[in-house]
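In terms of the working numbering, the sequence shown opens at residue 683 and continues consecutively.
Everything below concerns the one structure shown next.
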Amino acid sequence: MEKQKSFQESELSDKSEDKYTLLAENTSDLIWVIDTKLRAQYISPSCEKFIGYTVEELKDLRFSQLHTPESYKRIINIIKKEIRKSENKNYRPKKEYKMEVDYIHKNGQIINAEVKGYVSLDRKGKVVSISGISRDITERKQAEEALKESEEKYRILFEKSDDAILIIDDNKFVDCNNSVVKMLRYKNKKELLNTHPSELSPEFQPDGRKSFEKAEEMIHIALTKGINHFEWIHRRANGEDFPVEVWLTAIPYKGKKIIHTAWRDITERKRAEKALKENEENLNLLFNTVDVFLLISDTKGNILKVNDTVIKVLGYSEKELLKMNVLNLHPENRHDEIRKNVRLMLEGEMHSLSIPFITKNGKLVAAEVRLKKGFWNGQEVIIAAAMDYSAKETVEIIEKSPVVLFLWKRGQKDWPVEFVSKNVTNVFGYSAEEFMSQKISYYEVVHPDDIKRVVEEVNNYKKEGITSFEHEPYRIITKSGNIKWVKDITNVRSNTEDETSYYEGIIVDITERKKAEEDLQKQNAEYTALNKQYQEQNKALVKAKNKAVESDRLKSAFLANMSHEIRTPMNGIIGFADLLNNSNLSSENRKDYTDVIIQSSHQLLNIVNDILDISRIEIGEVEFRPVNTYVNNIMNELYTKFKPLSNKNNNRLVLTKKLSDTKSIIITDDVKLRQIFNNLLSNSLRFTYNGDIEFGYNLKNNFLEFYVIDNGIGIPEKLHQKIFEPFRQVEMTITKKYGGAGLGLAIAKANVELAGGEIWLNSKKGKGTSFYFTIPYNPPDPANLNKTTSSYNSETVYDFSDKTILIVEDEGVNYKFLELILYKTNANTFHAENGEDAINYVKIYPEIDIVLMDIKLPDISGYETTRRIKKLRKNLPVIAQTAFAMPGDADKAIEAGCDNYISKPINSWKLLKLIDRYFE
């Protein structure tokens, strides 16, 4: 305190000292002052909250104990550097030193901190102390890591997507994927970055607006409403303009909004739409240019549309006609006939009738009318086509139109053409003369893949007595070999003189329309698939994000629970070990305290084993080791182990075995079977008081079905699947009340599946739980059963008085433990604290009979030490001591030359038995 006071008096006035002390002692940041030898001159009380130690506890700790090695090294280098600089008379320290360091919390947790340091000089300009403020930034660092991981996942989806994706920030493209580069045909994406959307577009958009102004508006809409969908014209690197469909989505990023942009090239779709529009225009043109009456009415006869021929011949204006009913255009005495034919037509038949029209001035115009139902502007309509037989120019007009008229004989195989209009050449390539001279028949020009269908349609109509019909579109082959799509409307006509029947009608070339429809369908299918893919990607991103958030939450809760679960047995071990130092303890108290330490040690070991097991399971490094397993023996062991524990909670433990000892022998992993039951029985004991716990098995369908049934607190049905996930428990309140790491059921499930079985449960909250799991019933060949089973008695006495054992161990506690085990055997021992010493012992003392080798040594590893010892004495046995912290440690030990291994924590009788094997 005198040093602290001296330091403060040299730097602060009494008045300032009071203010700064009040500030230091009430801040959550850690405020400290150290001298050039890293001795603490002042530490604020916030140290206990910051790193877990009180001010008094920190007095006994070295500066290096509070930092990770890397951070400690950086701090030392900076202080040494400043001290060297202060040797110069012109030395002036920086106003402030900033760096990030890692503290080691009292509980072992790493604390990320941001440190601001300040150098103080004495009157001679030498460095006398360093003061500083440390702020805990652990949560911020963890958040930064989580964000980095999320951004990496997004980057993979971003780069691998077939869609063109860009990022807009401050109205410029700041990133894009390779699909954009390919679409715009640039060499690389560097050419595209930091460009405004208008720089990759023509100067004006189709609506006449400047691309720059319109792009600014589209971005503003997206930022305001969150999303904007529109069409745009972009320009490729070669100057070619092309249409795209654009989706702009505003997303938050680092405290502001940026724009996620997706493009789709719609060139083909636009081309198809254009072709379809042109085809519709052509049809409209045809509608109004043919010299045939064309009327469209609703099913009640109200006129909806007429062509120019109707207006011209009948003398009504279009406006007048659209207010009329078709009956108004025909003589009243023919209205019933018209209604009958309309009704029959609406029931599915095409009908034709000869009926005159009445012009506006009352004149009758003879015409042949054909009726057909269809759809127009979203409603069912009647389409009427009529030919004015009084017009002399009718034939010439028809021959100039794209509608081909035909007449061929009915009932003859090849459908010979009797008459066809001259414009047939425009569609088929053949002349009318070639058809009518029967050099080519209509049957021959229909595509081979369609002819069967067309013939069947004709025969079906004939069988049903239908005299007017329309074929589904079919293909024809032109004279030049090209394929076209056509559609025809056919009527059946009979010659009353010789009773010969004919087919007559019109044929229309619909190739362009068909192609446009197919292109549009193809584009729609592609866009539907792309849209589905995009939606699935978004769902996957949301699912991945939610899963990551849930995983972080579960792991945080798990770490908090682990802190409690590890501290509890540690407190028991440390507390009762301290009590054992009391020399006045009675033998009864000493035994009780020792039992508590052993029990707490096993509890701590179980927690560590669970953590290691779940780690191996997650990386797929768990091995299944099948051996002859005596199921009844294991069940008896479990009963003996858990019976005293069940008595503590006033529970009744019941064991049921359905097979004899001989028939209960199967080939499986006995260690994992024990572990599964240990987890299930431990859970039942933990959650059951004053109840019954029954466990056992049945043989069903070549599987052993094991079970553990209790009448404890039960599990809600909605959590039946989740409890098998790592880090899961039913409720956090359950964790606090009953304890447990939340790993047991996840490990049990993995072990059951590894053994080739299944695990499930039946449970309701408050009504107990029944766990079941299966393992294949795979009995061994009787000839392969061990006839004798070696046994070991923990009371066996070994005499190694003529043997010398080298113990290679750098940890004093571990060495002391091994020495005490070997002391009872009268063995001679040497102790090497590192690998080099061990090698020298082997060189100097040939009487060494065996080596106990620790793997983690301070200089060279136990693996390398073993290799070098084996070069000196090939037959000298080496037993490795390994904690199996990582999968494959045991294999590494054998590969390095170790003759055997024993896992920590070491069981004394197992170690002596293993050593004795090499002394026999």
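A virtual CB, placed ideally from N, CA and C, is assigned to each residue, including glycine.
Item, Value
"Would you decide whether Gln1563 is buried or exposed? Buried here means 16 or more other CB atoms lie within 10 Å of its CB.", "buried"
"From Ile1576, Gln824, Val1533, Ile761, pick the residue whose C-alpha is nearest to that of Ile1597; which is it?", "Val1533"
"Please state whether the Cβ-Cβ distance between Leu1386 and Tyr1459 is less than 8 Å.", "yes"
"Could you check if Gly1056 is buried or exposed, using at least 16 other CB atoms within 10 Å of its CB as the buried criterion?", "exposed"
"Is the separation between the beta-carbon of Leu1502 and that of Thr1511 shorter than 8 Å?", "no"
"For the beta strand (DSSP E) holding Thr931, just list the boundary residues, first then last.", "923–935"
"Please report the straight-line C-alpha distance between Phe1306 and Leu1436, rounded to a whole angstrom.", "7 Å"
"Mark His916 as exposed unless 16 or more other C-beta atoms lie within 10 angstroms of its C-beta, in which case mark it buried.", "buried"
"Are Ile1349 and Pro1308 closer than 8 Å when you measure CB to CB?", "yes"
"Taking the continuous beta strand (DSSP E) assigned at Met1535, which residues delimit it?", "1532–1536"
"Counting beta carbon pairs with one atom in the region 1046–1053 and one in the region 1083–1090, are three or more of them shorter than 8 Å?", "no"
"If I measure Cβ to Cβ from Pro775 and keep anything under 6 Å in the same chain, skipping five residues before and after, which residues do I get?", "Val801"
"Rounded C-beta distance between Ile713 and Ala722? I'm assuming under 8 Å.", "The pair is not a contact, with the Cβ atoms about 11 Å apart (cut-off 8 Å)."
"When the Cα atoms are used, what is the spatial distance from Lys759 to Tyr724?", "Residue identity check: residue 759 is Asn in the sequence provided, not Lys. Spanning the two alpha carbons is a distance of roughly 22 Å."
"Less than 8 Å between the CB atoms is what I'm expecting for Ala944 and Leu905, so what's the real figure, rounded?", "At roughly 16 Å, the Cβ-Cβ gap does not stay under 8 Å, so Ala944 and Leu905 are not in contact."
"Would you mind stating whether Gly814 and Gly790 have Cβ atoms separated by less than 8 Å?", "no"
"Who pairs with Leu1087 in a beta bridge, going by DSSP?", "Ile1188"
"Considering only C-alpha positions, which residue in the set Val992, Leu1046, Pro1540, Val810 is nearest to Ala1514?", "Pro1540"
"Please return the same chain residues whose Cβ sits closer than 7 Å to the Cβ of Asn1315, not counting the five positions on each side in sequence.", "none"
"Going by the beta-carbon positions, is the gap between Tyr1545 and Ile1551 smaller than 8 Å?", "no"
"Is it the case that the region 877–891 contacts the region 909–929, given that we only count it when at least three CB pairs across the two stretches are under 8 Å?", "yes"
"Hey, could you find the ends of the alpha helix (DSSP H) Arg817 is sitting in?", "Premise fails: Arg817 lies in the beta strand (DSSP E), 809–818, not in any alpha helix (DSSP H)."
"Under the three-state reduction of DSSP, which class applies to Ala1222: helix, strand or coil?", "helix"
"Do Leu748 and Tyr773 have their beta-carbon atoms positioned less than 8 Å apart in this structure?", "no"
"So with Cβ pairs under 8 Å, would you call Lys780 a contact of chain C?", "No chain C is present in this structure, which holds just one protein chain."
"Report yes or no: do the region 1191–1206 and the region 1220–1230 share at least 3 C-beta pairs separated by less than 8 Å?", "no"
"Go through its chain and collect everything with a Cβ distance to Leu1593's Cβ below 7 Å, but skip five positions before and after it.", "Ile1503, Ile1584"
"For Val1495, count neighbouring Cβ atoms within 10 angstroms of its own Cβ and tell me buried if that reaches 16, exposed if not.", "exposed"
"Alpha carbon to alpha carbon, what distance is there between Phe855 and Val1136?", "57 Å"
"From what residue to what residue does the alpha helix (DSSP H) around Arg1097 run?", "It should be pointed out that residue 1097 corresponds to Trp in this sequence rather than to Arg. Where Trp1097 is concerned, there is no enclosing alpha helix (DSSP H), given that its DSSP letter is neither H nor E."
"Please identify the residue among Ile1255, Tyr1480, Phe1499 whose C-alpha is closest to the C-alpha of Ile1489.", "Phe1499"
"Can you list, in chain order, the residues of its chain whose CB lies under 7 Å from that of Leu1337, leaving out five sequence neighbours each side?", "Met1317, Tyr1321, Phe1377, Gly1378"
"Which residue spans inside the region 1573–1600 form an unbroken alpha helix (DSSP H) run of at least 4?", "none"
"To the nearest angstrom, how far is it from the Cα of Asp1277 to the Cα of Asn1589?", "16 Å"
"How would you call Thr1548, buried or exposed, if buried means at least 16 neighbouring beta carbons within 10 angstroms?", "buried"
"In the DSSP output, which residue or residues are listed as bridge partners for Ile725?", "Trp714"
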